[in-house]
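First the structure, in the form of structure tokens, and then the observations on it.
In the numbering used here, the protein residues as written are 59 to 159.
Spelled out as structure tokens, the structure:
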């Protein structure tokens, strides 16, 4: 039996695609920034399912700290979009809460 699909899965997937664009659409300002971007993206691509779940869950639920969306290495073009990305993560979390109730 296939896994049940929820609309929040689509919202979450689009969030990761948008963040990937926000990380990668411009040439990094420095090697340090490029390394931070690559490390962030690698966290979403490599590891066990449990590791990936933990990292993505932390991104969606952490308000501050190294796993929060505020600490993501956004390119300068996308820095003004931070409030939008924060609202988007809030929407995904809200959908999850509604579906778990």
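Backbone N, C-alpha and C fix where the C-beta goes; we use that ideal spot for every residue, glycine too.
*Specify, as a first and last residue, the run of the alpha helix (DSSP H) that residue 112 falls within.*
Counting along the chain, the alpha helix (DSSP H) containing residue 112 begins and ends at 107–119.
*So residue 80 and residue 139 are in contact, right, with Cβ under 8 Å, and what is the actual spacing, rounded?*
Rounded, the Cβ-Cβ distance is 7 Å, consistent with contact.
*Within 10 angstroms of the Cβ of residue 143, are there 16 or more other Cβ atoms? Answer buried if so, exposed if not.*
Classification for residue 143: buried.
*Using alpha carbons as the reference points, say which of 108, 121, 110, 99 lies closest to residue 148.*
Checked all of 108, 121, 110, 99; the closest Cα to residue 148 is 121.
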